[in-house]
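Those sequence lines, one after another, are chains W and U.
With this note's numbering applied, the first sequence corresponds to residues 1 to 210, in that order.
With this note's numbering applied, the second sequence corresponds to residues 211 to 429, in that order.
Everything on this sheet refers to the single structure shown next.
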Amino acid sequence: MAHDHDHRDDHDHSELSEMQLRVRALETILIEKGYVEQAALDAIIEAYETKIGPRNGARVVAKAWIDPTFKRALLDDASEAINSFGQVSPVGSHLVAVENTPSLHNIVVCTLCSCYPWEMLGLPPVWYKAAPYRSRAVKDPRGVLADFGIKLGHDIEIRVWDSTAETRYLVLPMRPPGTEGCTEDQLAELVTRDSMIGTGLARTPSETNR
Amino acid sequence: MNGVHDMGGMDGFGKVEPQPNEPVFHEKWEGRVLAMTRAMSANGGLNIDMQRFSRESLPAKIYLTSSYYKNWLLGLQQLLVDRAFVSADEVEAGHALRPGNPLKHGTFTLQDVNRVMTRGNFDRQAPAPAVFKLGERVRAKNIHPQTHTRLPRYVRGRVGVVELIHGCQVFPDTSANGQGENPQWLYTVSFGSCELWGPDADPTVKVLIDAFEPYLERT
Numbered sequence: 001m002a003h004d005h006d007h008r009d010d011h012d013h014s015e016l017s018e019m020q021l022r023v024r025a026l027e028t029i030l031i032e033k034g035y036v037e038q039a040a041l042d043a044i045i046e047a048y049e050t051k052i053g054p055r056n057g058a059r060v061v062a063k064a065w066i067d068p069t070f071k072r073a074l075l076d077d078a079s080e081a082i083n084s085f086g087q088v089s090p091v092g093s094h095l096v097a098v099e100n101t102p103s104l105h106n107i108v109v110c111t112l113c114s115c116y117p118w119e120m121l122g123l124p125p126v127w128y129k130a131a132p133y134r135s136r137a138v139k140d141p142r143g144v145l146a147d148f149g150i151k152l153g154h155d156i157e158i159r160v161w162d163s164t165a166e167t168r169y170l171v172l173p174m175r176p177p178g179t180e181g182c183t184e185d186q187l188a189e190l191v192t193r194d195s196m197i198g199t200g201l202a203r204t205p206s207e208t209n210r
Numbered sequence: 211m212n213g214v215h216d217m218g219g220m221d222g223f224g225k226v227e228p229q230p231n232e233p234v235f236h237e238k239w240e241g242r243v244l245a246m247t248r249a250m251s252a253n254g255g256l257n258i259d260m261q262r263f264s265r266e267s268l269p270a271k272i273y274l275t276s277s278y279y280k281n282w283l284l285g286l287q288q289l290l291v292d293r294a295f296v297s298a299d300e301v302e303a304g305h306a307l308r309p310g311n312p313l314k315h316g317t318f319t320l321q322d323v324n325r326v327m328t329r330g331n332f333d334r335q336a337p338a339p340a341v342f343k344l345g346e347r348v349r350a351k352n353i354h355p356q357t358h359t360r361l362p363r364y365v366r367g368r369v370g371v372v373e374l375i376h377g378c379q380v381f382p383d384t385s386a387n388g389q390g391e392n393p394q395w396l397y398t399v400s401f402g403s404c405e406l407w408g409p410d411a412d413p414t415v416k417v418l419i420d421a422f423e424p425y426l427e428r429t
């Protein structure tokens, strides 16, 4: 019976449909009660899918690499510095930028849930929100970095920032070597999402050409 | 609460597995759940601390085995029922059957969207001067409230140093229960790895948490 066969093969799809139905049911209730407008929900999703992502953070980092005054302002009060920079959408309060140096590497985690600087980096990836990262980052950050293919010498201090309140942390990665002649736009291309979480390093120009 | 959400320092969850070119949402419904949660927060229905507490309060087995956004849906649904915006029979029926609690800020509309894309401000007027100073040694209290707290288990009883003072902010422990903002001073406290994980830990690692004043005591 072809019909039954389709159903068995379609197991995953049925699971998805169940979630879709449950979510649609709740949305229907909220709309019928006048709590939310459907178009407003659509607009939130569209903003996260198209406007808010690590490009924002990358522009800020690139600016900090070429402009020492901006960098000082960023490390002093990141929210204020970014809002006066004006090249990215406005950010709210409580953003703190932490700087990587040859002797210090910063990593950001949220062991209790999934706090992440959304305005700078967009929504967090699955691994950031999942148990392996949340459990290990504070106890074995070098092991976690190894999962990302990064090996740091023991002469480098590691600071793990556990986002347990409303403060949000943005890592200012080190400017890669060989970028002396790069423009701000070219530099922004080198700034990866993971480099601003601390689980990666900014790319060198030759890495981006690969 | 000492729930499974408080994962810092646990073993046995395996390797971190980044997914290359991960989409923003893996399924369409995930975005709907995120948007509904944001909207019901912006219209004054639920605050962020209530949302976190609701997800933490899911049965441990569900919390650990469901996807991130499934936990968000279950947490949101439960919270809407708990706060009488929606009732269980409506969830079952998939339709509104009666009016729910009124919202503080009314319907969340298209005009409100830009406002939620910028984070809110949690700073509040300080009721008293800060007790601790920059550079001061402090101990995280050995407390185990059954309700919501943002003091992770792995620092409780451990001694650290005040690195930053952020000002006075909404206190999640009371905000999560609907018991008010009860503003408290917020500090960043750094802990040496050996203080947290014993003498065999990597001495080149420091862990920093944001801790509200009621979480801390003098050494």
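A virtual CB, placed ideally from N, CA and C, is assigned to each residue, including glycine.
Restricting to Cα atoms, I'd like to know which of M120/W, E180/W, I150/W, I29/W is closest to V171/W. Of the listed residues, the one whose Cα sits closest to V171/W is M120/W.
Between R329/U and S79/W, what straight-line distance do the alpha-carbon atoms span, to the nearest angstrom? Computed Cα separation, rounded: 11 Å.
If you count every other CB in all the chains shown that lies within 10 Å of the CB of P177/W, and 16 or more means buried, which is it? Exposed, by the Cβ-count rule.
Using three-state DSSP, classify V109/W as helix, strand or coil. Shown here, V109/W sits in a strand according to DSSP, grouped into three states.
In chain order, what residues of the same chain lie with their CB nearer than 6 Å to the CB of E157/W, ignoring the 5 residues before and after it? For E157/W, where only same-chain residues beyond five positions count, the Cβ hits under 6 Å are L104.
Checking the sheet assignment: what are the DSSP bridge partners for K416/U? DSSP output for K416/U lists R159/W, G402/U as bridge partner(s).
Can you find a C-beta in chain W that's less than 7 Å from the C-beta of M260/U? The C-beta of M260/U comes no closer than 7 Å to any C-beta of chain W.
Compute the distance between the beta-carbons of V138/W and V160/W, then report whether it is under 7 Å. Closer than 7 Å, so yes.
Residue from G390/U, S276/U, A421/U, V348/U with nearest C-alpha to A131/W: Checked all of G390/U, S276/U, A421/U, V348/U; the closest Cα to A131/W is S276/U.
Could you check whether the Cβ of W395/U sits closer than 7 Å to any Cβ belonging to chain W? The Cβ of W395/U sits no closer than 7 Å to any Cβ of chain W.
Which residue marks the beginning of the beta strand (DSSP E) containing L190/W, and which one marks its end? Counting along the chain, L190/W falls outside any beta strand (DSSP E), though it belongs to the alpha helix (DSSP H) covering 184 to 190.
Using only alpha-carbon positions, find the residue among N253/U, D259/U, T247/U, N231/U that is nearest to T357/U. T357/U has its Cα closest to that of D259/U, out of N253/U, D259/U, T247/U, N231/U.
Taking DSSP as the reference, what is the three-state secondary structure of G219/U? In the structure shown, the three-state DSSP call for G219/U is coil.
L201/W versus M174/W, L112/W, A188/W, residue with shortest Cα-Cα distance: Taking only the C-alpha atoms, the option nearest L201/W is M174/W.
Start-end ranges of the alpha helix (DSSP H) lying completely within the region 345 to 415 of chain U, minimum 4 residues: Segments of the alpha helix (DSSP H) lying fully in the region 345 to 415 of chain U: 382 to 385, 403 to 407.
Rounded to the nearest angstrom, what separates G316/U and F401/U at their Cα positions? Going by the C-alpha atoms only, they are around 44 Å apart.
Which complete beta strand (DSSP E) runs does the region 69 to 114 of chain W hold, if anything under 3 residues is left out? Within the region 69 to 114 of chain W, the complete beta strand (DSSP E) runs of at least 3 residues are 95 to 99, 104 to 109.
I want to see whether chain W comes within less than 7 Å of H354/U, judged by CB atoms only; does it? Contact of H354/U with chain W is not assigned, every C-beta pair being separated by 7 Å or more.
Taking a contact to mean a Cβ-Cβ separation below 7 Å, would you say I375/U touches A336/U in this structure? Not in contact: I375/U and A336/U (Cβ atoms no closer than 7 Å).
If you follow the alpha helix (DSSP H) that E300/U is part of, which residue opens it and which one closes it? From DSSP, the alpha helix (DSSP H) with E300/U extends over 298 to 303.
Helix, strand or coil for A137/W, going by three-state DSSP, please let me know. Reduced to three states, the DSSP call for A137/W is coil.
Give a yes or no on whether the minimum CB-CB distance between E232/U and chain C is below 7 Å. Here chain C cannot be found, since the structure's protein chains are W and U.
Cβ pair A58/W, A188/W closer than 7 Å: Against a cut-off of 7 Å, the Cβ pair of A188/W and A58/W comes out as a contact.
Same chain only: Cβ atoms within 6 Å of D140/W, ignoring 5 sequence neighbours per side: Taken in chain order, the list of residues that qualify is empty.
By the 8 Å beta-carbon criterion, what residues does the region 160 to 182 of chain W contribute toward chain U? Listed by position, the residues of the region 160 to 182 of chain W near chain U (Cβ gap below 8 Å) are V160, W161, D162, S163, T164, A165, E166, T167, R168.
Can you tell me where the alpha helix (DSSP H) holding V291/U begins and where it ends? Here the alpha helix (DSSP H) through V291/U covers 278 to 292.
According to DSSP, is Y169/W helix, strand or coil? For Y169/W, the secondary structure class from DSSP, reduced to helix, strand or coil, is strand.
Beta-carbon proximity list for N106/W, same chain, < 7 Å, skipping 5 on both sides: So the list reads V98, N100, R159, W161, V171, G198, once near-sequence residues are dropped.
For E427/U, name the three-state secondary structure that DSSP assigns. Three-state DSSP puts E427/U in a strand.
When the cut-off is 7 Å and only beta carbons count, does A202/W lie next to chain U? Interface with chain U (7 Å Cβ-Cβ cutoff): A202/W is excluded.
Ordered along the chain, which non-local residues of its own chain (more than five positions away) have a Cβ less than 7 Å from that of R203/W? Within the same chain, R203/W has close Cβ partners P176, L190, T192.
Using 7 Å as the limit for Cβ to Cβ distance, is E189/W near chain U? Answer no: the Cβ-Cβ gap between E189/W and chain U never drops below 7 Å.
Burial state of A39/W, where buried means 16 or more other Cβ atoms lie within 10 Å: Its Cβ having fewer than 16 others within 10 Å, A39/W is exposed.
From R22/W to K33/W, what distance separates their C-alpha atoms? Their backbone Cα atoms lie some 17 Å apart in a straight line.
Is it buried or exposed, N253/U, if we count other Cβ atoms within 10 angstroms and call 16 or more buried? It is buried - the Cβ of N253/U has at least 16 other Cβ atoms within 10 Å.
List, in order along the chain, the chain U residues whose C-beta lies closer than 7 Å to that of V23/W? Correct list: W239, R242, V243, L283.
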